[in-house]
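Chemist:
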Amino acid sequence: MVSLGQKVGVLPTIAILAFATPTLSQSNAPTDPDSTAQGEVSVTIYNNNQALVQDIRQLNIQRGRSRIEFPDVSARIRPETVSFAARGAGIIEQNFDFDLLTPTKLMEKAIGQTITLIRTNPATGLEKRERATVLSTAGGVVVKIGNRIEVLRDDGLPVRAVFDRVPPNLRARPTLSVTVQSDMAGVRPASIRYLTPMLGWSADYVSLYDEAKGTIDMQGWVTLTNNTGTTFHNADTLLVAGSPGQGMGRRGGRASRGMVTPGTETANREQLGDFYLYPISGRTTIANNQTKQVSFMDVQGVPAQKVYSRTVGWLASDSRPINVASEIAFKSSNEGGLGDALPAGTVRFYQRDQQGTPQFIGENGIGHTPMGSELSLKTGDAFDIFVQAEVEKRGKISSSEWESSARYRVIKDGVEVERIEAERPVTYYRTTMRYTLTNAKSTPVEVQLVQGGLDRGWWSRDFRISSEDVPGVQLNTSTRKYSIPVPANGKRVVRVTYETRY
């Protein structure tokens with residue numbers, strides 16, 4: 003029993019005072035709201051917010067044609083994915099009743115029907131009962147009482163509604179009904195299997211970094227999120243690290259992720275096709291609107307190191323010094339690493355302060371990462387370490403100057419095998435970049451400085467490094483990395499001269 007009328011223009015909240023319940027065939031609907039009609043439930047959960055539910059129930063199936071109802075299926079069930087199996091029975095038709103029994107739905111379904119309104123006099127406590135026909139619920143509840151039309155409103159008088167029955171297409175719980183043809187009668191296991199969205203999982207990693215020892219302790223957590231509208235009771239739960247295709251294009255973008263070099267080691271886990279499986283030990287109840295965490299990894303003393311880095315774009319000329327990124331690098335290899343494949347998720351780093359209390363120092367995301375990978379995850383910007391990149395000199399050079407810096411020429415058996423005829427004049431440039439690095443820490447550091455933007459297209463890949471204060475390593479056609487030591491409480495200037503066609 004609740005108040006019926008609130009404000010004109012708003013569909014009031016309604017409660018059921020009394021009604022006659024129609025008989026539902028084979029529904030097995032529980033009367034205890036905390037119980038369930040589910041049977042032996044198995045749930046396989048994927049990373050793409052999708053799950054496969056398999057439910058085996060013991061049902062008394064009649065001989066011939068009959069309707070069987072399965073309450074407590076997911077409210078977000080994909081009906082087209084349902085399969086049914088029972089010995090000696092075949093499915094003829096299936097329906098999913100997704101209109102759940104709520105006060106609003108109950109009043110909407112009562113349009114054209116007669117209900118009882120009970121008004122209580124707040125002064126005397128006396129109740130007055132009137133029969134009313136529900137005319138409309140659009141913007142408010144409009145009823146006909148005798149010869150008058152009334153809009154139920156919040157006028158300070160308590161009003162309750164009594165419904166004679168529950169509409170046949172409303173269900174207290176999400177219900178799947180199937181019509182079957184059976185060649186025998188009796189109790190037997192009947193199973194349904196279906197896919198549902200809004201039940202997914204991700205991995206979360208808690209990592210404690212010890213800078214003095216150069217190690218991390220990492221614990222991995224599976225985070226389950228259930229928004230299906232249904233609780234899955236005592237379920238055998240299996241997690242799949244992967245996102246099976248659903249016949250549609252990829253949607254949305256990727257979250258920011260750290261730098262990962264994929265590994266080539268096979269993890270000691272069961273695989274299903276190209277996916278790794280992460281079973282949850284024991285059965286667990288996955289409640290609706292619940293986030294549940296289960297531990298799947300606990301590793302101590304993994305070698306790790308802090309890395310300071312910054313990537314500079316081509317012709318970058320900073321107006322002010324820029325903080326370098328602070329990263330923590332480690333491996334997922336079997337030897338000297340975590341020793342496992344890492345499902346996609348978020349890695350959160352902590353470090354102890356002088357009192358020994360772990361403090362949060364940053365986080366970053368990873369994709370599905372094979373065992374043996376090398377990871378360098380940014381935790382934030384370094385407070386004390388800066389890089390200022392500037393174009394110190396830039397000017398055009400002649401073709402002869404360009405040729406004078408050529409590193410090689412292609413000659414076969416002492417004979418020139420190819421000559422390229424220029425169809426248009428080509429302009430060449432000589433650019434000197436100056437990188438100023440400062441370190442306010444009381445210890446020396448090494449900064450990984452990456453110069454990007456060197457590859458401007460197929461026509462520009464013949465660039466040259468004519469001089470560099472620190473030897474660089476060419477990572478690919480577009481980037482070159484310099485490992486630059488910077489003294490404690492000190493400063494260092496590094497120059498590199500590039501000769502390019504751009």
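Each residue of the sequence shown is one higher than the last, beginning at 3 in this note's numbering.
Glycine included, C-beta positions come from ideal geometry on N, C-alpha and C.
It should be emphasised that the depicted structure is a prediction, and the values quoted were computed from it without experimental measurement.
1. For residue 371 and residue 280, what's the separation of their Cα atoms in angstroms?
2. Under 8 angstroms between the Cβ atoms of residue 207 and residue 243?
3. Can you list, in chain order, the residues of its chain with a C-beta nearer than 8 angstroms to that of residue 27? Leave out the 5 residues immediately preceding and following it.
4. What are the complete beta strand (DSSP E) segments, minimum 3 residues, inside the segment 122-152?
5. How many angstroms separate the CA atom of residue 436 from the CA atom of residue 390?
6. With a threshold of 8 angstroms, are at least 3 pairs of Cβ atoms found where one atom belongs to the segment 307-327 and the other to the segment 452-460?
7. Among residues of its own chain, excluding the 5 on either side of residue 429, which ones have a beta-carbon nearer than 8 angstroms to its beta-carbon?
8. What are the start and end residues of each continuous beta strand (DSSP E) run of 3 or more residues lying completely inside the segment 158-236, in chain order?
9. Should residue 201 and residue 75 be called a contact, given that it needs their Cβ atoms to be closer than 8 angstroms?
10. From the DSSP secondary-structure annotation, give me the bridge partner or partners of residue 98.
11. Between which two residues does the beta strand (DSSP E) holding residue 111 run?
12. Per DSSP, residue 494 is paired with what?
13. Output the distance between the C-alpha atoms of residue 191 and residue 48, rounded to the nearest integer angstrom.
14. Taking 8 angstroms as the limit between beta carbons, can you name the residues of its chain near residue 323, skipping five residues before and five after?
15. Distance check for residue 401 and residue 252, CA to CA, integer angstroms please.
16. I need the boundaries of the beta strand (DSSP E) containing residue 72, first residue and last residue.
17. Which one of 356, 195, 474, 271 has the shortest CA to CA distance from residue 56?
18. Between residue 230 and residue 78, which are expected to be in contact by the criterion C-beta below 8 angstroms, what is the C-beta distance as a whole number of angstroms?
19. Which one of 45, 471, 305, 336 has the shortest CA to CA distance from residue 232?
20. Following the continuous beta strand (DSSP E) through residue 384, name the residue where it begins and the one where it ends.
21. Pick from 368, 338, 483, 357: whose alpha carbon is nearest that of residue 350?
22. Inspect the CB distances between the segment 373-382 and the segment 259-276 and report whether three or more fall short of 8 angstroms.
23. Give the DSSP-derived three-state secondary structure of residue 83 in the structure shown.
24. Counting along the chain, where does the beta strand (DSSP E) carrying residue 474 start and finish?
25. Which of the three DSSP states, helix, strand or coil, is assigned to residue 311?
26. From residue 54 to residue 198, what distance separates their C-alpha atoms?
27. Rounded to whole angstroms, what is the Cα-Cα separation between residue 105 and residue 295?
28. For residue 402, which three-state DSSP category applies?
29. Around the C-beta of residue 130, are 16 or more other C-beta atoms found within 10 angstroms, so that it is buried, or is it exposed?
30. With DSSP as the reference, please indicate the residues paired to residue 432 in a beta bridge.
31. Assuming residue 219 and residue 302 form a contact by the criterion Cβ under 8 angstroms, report the distance between their Cβ atoms to the nearest whole angstrom.
32. Do you know offhand how far residue 123's Cα is from residue 160's?
33. Within its chain, find whatever has a CB closer than 7 angstroms to the CB of residue 442; leave out the 5 residues flanking it on each side and keep chain order.
34. CB-CB under 8 angstroms to residue 480, same chain, minus the five flanking residues each way: which ones, in chain order?
35. Return the CA-CA distance between residue 250 and residue 152, expressed in angstroms with no decimal places.
Modeler: Taking the geometry as given:
1. Taking the first residue of the sequence shown as 1, we reach residue 371 at position 369. Taking the first residue of the sequence shown as 1, we reach residue 280 at position 278. Looking at the two C-alpha atoms, the distance is approximately 14 angstroms.
2. Position 205 of the sequence shown, counted from the first residue, corresponds to residue 207. Position 241 of the sequence shown, counted from the first residue, corresponds to residue 243. No, these two residues do not count as a Cβ contact at 8 angstroms.
3. As a position in the sequence shown, residue 27 is number 25, starting the count at 1. Its pLDDT being 37, under 50, residue 27 is placed unreliably in this model, and the coordinates cannot settle the point.
4. 129-138, 144-147
5. For this step, residue 436 is matched to residue 434 along the sequence shown. For this step, residue 390 is matched to residue 388 along the sequence shown. So the two alpha carbons sit approximately 8 angstroms from each other.
6. yes
7. Stepping through the sequence shown from its first residue, residue 429 is reached at position 427. Contacts found: 398, 503.
8. 161-164, 177-184, 188-199, 201-212, 217-228
9. Sequence index remark: in the sequence shown, residue 201 carries index 199 (1-based). Sequence index remark: in the sequence shown, residue 75 carries index 73 (1-based). No; because the gap between Cβ atoms is not below 8 angstroms, this pair is not in contact.
10. Along the sequence shown, one-based indexing puts residue 98 at 96. DSSP, once it has assigned bridges, lists 178 as partnering residue 98.
11. The sequence position of residue 111 within the sequence shown is 109, counting from 1. Note, residue 111: premise wrong, no beta strand (DSSP E); alpha helix (DSSP H) at 105-111.
12. In the sequence shown, counting from the first residue as 1, residue 494 sits at position 492. Paired residue(s): 439.
13. Here residue 191 refers to the residue found at position 189 of the sequence shown. Here residue 48 refers to the residue found at position 46 of the sequence shown. Rounded to the nearest angstrom, the two C-alpha atoms are 27 angstroms apart.
14. The residue you call residue 323 lines up with position 321 of the sequence shown. So the list reads 388, 389, 390, 438, 440, once near-sequence residues are dropped.
15. The residue labelled residue 252 in the question sits at position 250 within the sequence shown. The residue labelled residue 401 in the question sits at position 399 within the sequence shown. Per-residue confidence for residue 252 stands at a pLDDT of 39, beneath the threshold of 50, marking its modelled position as unreliable; the derived number appears in the next sentence. For residue 252 and residue 401, the distance between alpha carbons rounds to 48 angstroms.
16. Here residue 72 is taken as the residue at index 70 of the sequence shown, counted from 1. Run containing residue 72: 66-73, per the beta strand (DSSP E) assignment.
17. Within the sequence shown, the letter at position 54 stands for residue 56. It is 195 whose Cα lies nearest to the Cα of residue 56.
18. One-based indexing of the sequence shown puts residue 230 at position 228. One-based indexing of the sequence shown puts residue 78 at position 76. Indeed they touch by this definition, with Cβ atoms about 5 angstroms apart.
19. By one-based count along the sequence shown, residue 232 stands at place 230. For residue 232, the nearest C-alpha among the options comes from 45.
20. Taking the sequence shown and counting its residues from 1, the one referred to as residue 384 is at position 382. 376-399 is the extent of the beta strand (DSSP E) around residue 384.
21. Locating residue 350 in the sequence shown gives position 348, counting from the first residue. When each option's Cα is compared against that of residue 350, the closest is 368.
22. yes
23. What you label residue 83 is simply residue 81 of the sequence shown in a count that begins at 1. Three-state DSSP puts residue 83 in a helix.
24. Taking the sequence shown and counting its residues from 1, one reaches residue 474 at position 472. That run of the beta strand (DSSP E) goes 474-476.
25. Counting from 1 along the sequence shown, the entry for residue 311 is found at position 309. Strand.
26. The sequence position of residue 54 within the sequence shown is 52, counting from 1. The sequence position of residue 198 within the sequence shown is 196, counting from 1. Each residue's alpha carbon lies about 7 angstroms from the other.
27. Residue mapping note: residue 105 aligns to position 103 of the sequence shown, counting from 1. Residue mapping note: residue 295 aligns to position 293 of the sequence shown, counting from 1. So the alpha carbons of these two residues sit roughly 34 angstroms apart.
28. Residue 402 sits at position 400 when you count from the first residue of the sequence shown. In the structure shown, residue 402 sits in a helix (DSSP, three-state: H, G or I).
29. Reading the sequence shown from its first residue, position 128 is the one you call residue 130. So residue 130 ends up on the exposed side.
30. By 1-based counting over the sequence shown, the position of residue 432 is 430. According to DSSP, which records beta bridges pairwise, residue 432 is partnered with 397, 501.
31. On the sequence shown, position 217 is the one that residue 219 refers to. On the sequence shown, position 300 is the one that residue 302 refers to. Correct: roughly 4 angstroms between the Cβ atoms.
32. Looking up residue 123 in the sequence shown gives position 121. Looking up residue 160 in the sequence shown gives position 158. If you take the alpha carbons of residue 123 and residue 160, they lie about 8 angstroms apart.
33. Translated into the one-based positions of the sequence shown, residue 442 becomes position 440. 386, 491.
34. Within the sequence shown, the letter at position 478 stands for residue 480. Hits under 8 angstroms: 454, 455, 456, 457.
35. The sequence position of residue 250 within the sequence shown is 248, counting from 1. The sequence position of residue 152 within the sequence shown is 150, counting from 1. With a pLDDT of 43 at residue 250, under the threshold of 50, the modelled position of this residue cannot be trusted, and the question is left open.
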